[in-house]
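2 protein chains.
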Amino acid sequence: MSRRIRSDSSLQGIPEATIARLPLYLRALYALADRDIASVSSEELAAAAGVNSAKLRKDLSHLGSYGTRGVGYDVDYLIYQVSRELGLTQDWPVVIVGAGNLGRALANYGGFASRGFRVAALLDSDPLVIGSVIAGHRVRAVDDIECVVADCGVMIGAITVPAVVAQGICDRLVAAGVTSILNFAPVVLDVPGGVDVRKVDLSIELQILAFHAQR
Amino acid sequence: MSRRIRSDSSLQGIPEATIARLPLYLRALYALADRDIASVSSEELAAAAGVNSAKLRKDLSHLGSYGTRGVGYDVDYLIYQVSRELGLTQDWPVVIVGAGNLGRALANYGGFASRGFRVAALLDSDPLVIGSVIAGHRVRAVDDIECVVADCGVMIGAITVPAVVAQGICDRLVAAGVTSILNFAPVVLDVPGGVDVRKVDLSIELQILAFHAQR
DNA sequence: CCGACTTTGTGCAAACGTTCACAAGGGCGT
DNA sequence: ACGCCCTTGTGAACGTTTGCACAAAGTCGG
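What follows is the structure, given as structure tokens:
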């Protein structure tokens, strides 16, 4: 139980549920760091992130033993460890396809640039939009997908185009080498194995809310 | 097992995981209806929604027995039943607080109006924005929250304001009578019991993607 | 140096969700 | 009317996630 080649996390996968909460912890940790708080207990951090303290401890234990018993966690050190686990110590160029309202919102989104993400390019198919400047980026033609992905080494793409063309854009992104896709179009994307898709569907969220509101 | 006051669904709650998938099924069903397909098997519908067919059948069984063995499900009938369960047979006025990029995108979002949701009002605190027209709605002052919620009977609110003021807006919405909140601000909202909050955080989704992209 | 106190990290059990596999049950051709 | 075929609905097994409760381990005062 003592000799390991690498950290616990690398040997056996971290549960998906834990991964989904790490960004939440990270955000809470940054808020603490901004207030110059150097150390935090699992109880406090859990409250800030809106979760149970036992869950938080178990989640963090998957990354390793980065706390000090009787004291808590060092904020800066934990920020570094969580960031490293999430792969945020490197820079992630992201290509946004679709410069409509959602694409613009995404390009302008503050939280975007703050955590290692960078808009590599903003693409659209509308000749009236191509060439205009949004959030400091000159909008390029959607036909540039392949060279943008190749030139900038993009692995993450955001799809903010109408539903009917989303699958086509997705196929081109995947063919160009993108392995992770954030899909805002209300369609189920069909992708080959190894490609990761996360969907954000405002309509679905509203419908879930409606269910609860109706009781 | 035969005498019931109401349907199965009302007697014992439908699992949250199932609720979250019903809008997905509904979307697939509408797509089938658009293609004039009258009947569908669990296998086909599951493929269209991107889930396992056993899961789909179990999910639908929570609403009741609306299929026909050996045949499948009647598309229109199932649309009605799922819509009813989600509470989409009624009209839901939604108030959007924050007319920034995200608020505009939301107000312009097509899938918004299509499923029984309606923008009751679009609010902002910026005097330069108040009075302008976005997606057919004249932007009103954020101080009108209380009267908009009261006058229009709003139960659902979307928060697209900066993180620092989100909790304050949330408090006012709740005090005014809103029971369901869609939060786009990157903060954990503190709400009294009985109020339902769903969060959409683009940054969190990207970080999860980064983890998988990094392997 | 020791003992009291605090907080982490984790075994364990319960709750929840998913998937399999098949009996139950309806349609359809004969 | 009957038997075959198809698909639903569901019991049971399995895997994942949560939460409790506590031992392990560190700090700190004396």
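Protein chains in written order, with the working numbering: chain A, 801 to 1015; chain B, 801 to 1015.
Every residue gets a Cβ at the ideal spot worked out from N, C-alpha and C, and that includes glycine.
- From the listed residues A:921, A:903, A:865, the smallest Cα separation to residue 908 (chain B) is found for A:903.
- The alpha-carbon separation between residue 898 (chain A) and residue 923 (chain A) amounts to approximately 6 Å.
- Residue 876 (chain A) carries a helical assignment under DSSP once its states are collapsed to helix, strand and coil.
- Inter-residue distance for residue 859 (chain B) and residue 819 (chain A) is about 26 Å (C-alpha atoms, whole angstroms).
- Residue-level contact check: residue 927 (chain A) does not touch chain B, since none of the beta carbons of chain B fall below 8 Å from its beta carbon.
- Each residue's CA atom was taken as its position, placing residue 829 (chain A) and residue 844 (chain B) some 45 Å apart.
- Residue 1003 (chain B) has a beta carbon lying within less than 8 Å of a beta carbon in chain A.
- The alpha-carbon separation between residue 848 (chain A) and residue 890 (chain A) amounts to approximately 26 Å.
- The three-state reading of DSSP puts residue 818 (chain B) in helix, counting H, G and I together.
- For residue 958 (chain B), the uninterrupted beta strand (DSSP E) segment begins and ends at 956-959.
- For residue 983 (chain B), the three-state secondary structure derived from DSSP is strand.
- In the DSSP annotation of this structure, the continuous segment of the beta strand (DSSP E) that includes residue 998 (chain B) starts and ends at 996-999.
- Taking a cut-off of 8 Å on C-beta distances, the segment 862-882 of chain B does not touch the segment 859-873 of chain A, as fewer than three cross pairs fall below it.
- Measuring C-alpha to C-alpha distances from residue 945 (chain B) to each of B:973, B:1006, B:960 identifies B:973 as the nearest.
- Taking C-alpha positions only, residue 939 (chain A) is separated from residue 855 (chain B) by approximately 42 Å.
- Burial is judged here by how many other beta carbons sit within 10 angstroms of a residue's own beta carbon; residue 910 (chain A) has fewer than 16 and is exposed.
- Between residue 996 (chain A) and residue 1009 (chain B) the beta-carbon gap is near 6 Å, inside 8 Å, which marks them as a contact.
- Within chain A, the C-beta atoms nearer than 8 Å to that of residue 980 (chain B) come from 1009, 1010, 1012, 1013, in chain order.
- Per the C-alpha coordinates, the member of A:967, A:962, A:905 positioned closest to residue 984 (chain B) is A:905.
- Per DSSP, the unbroken alpha helix (DSSP H) holding residue 1006 (chain B) starts and ends at 1002-1014.
- Residue 949 (chain B) sits close to residue 895 (chain B), with the two beta carbons spaced by under 8 Å.
- In the three-state scheme derived from DSSP, where H, G and I count as helix and E and B as strand, residue 863 (chain B) is classed as coil.
- Considering only beta carbons, the part of the segment 820-840 of chain B lying closer than 8 Å to chain A consists of 820, 822, 823, 824, 826, 827, 828, in chain order.
- Under the Cβ criterion of 8 Å, residue 911 (chain B) is counted among the residues facing chain A.
- Against chain B, a Cβ distance below 9 Å from residue 887 (chain A) picks out 1007, 1010, 1011, 1012, 1013, 1014, 1015.
- In this chain, the beta strand (DSSP E) harbouring residue 921 (chain A) covers 917-924.
- Using a 10 angstroms sphere on the CB of residue 837 (chain B), the tally of other CB atoms stays under 16, which defines it as exposed.
- Residue 1006 (chain B) is a Cβ neighbour of residue 982 (chain A), given a cutoff of 8 Å.
- Excluding the 5 residues flanking it on each side, residue 826 (chain A) has same chain C-beta neighbours closer than 6 Å at 882, in chain order.
- In the DSSP assignment, residue 868 (chain A) forms a beta bridge with A:872.
- In the three-state DSSP reduction, residue 839 (chain B) falls in the strand class (E or B).
- The beta carbon of residue 859 (chain A) sits no closer than 8 Å to any beta carbon of chain B.
- Contact annotation: residue 920 (chain B) and residue 954 (chain B) have beta-carbon atoms nearer than 8 Å.
- With respect to chain A, the C-beta atom of residue 905 (chain B) has a partner C-beta closer than 8 Å.
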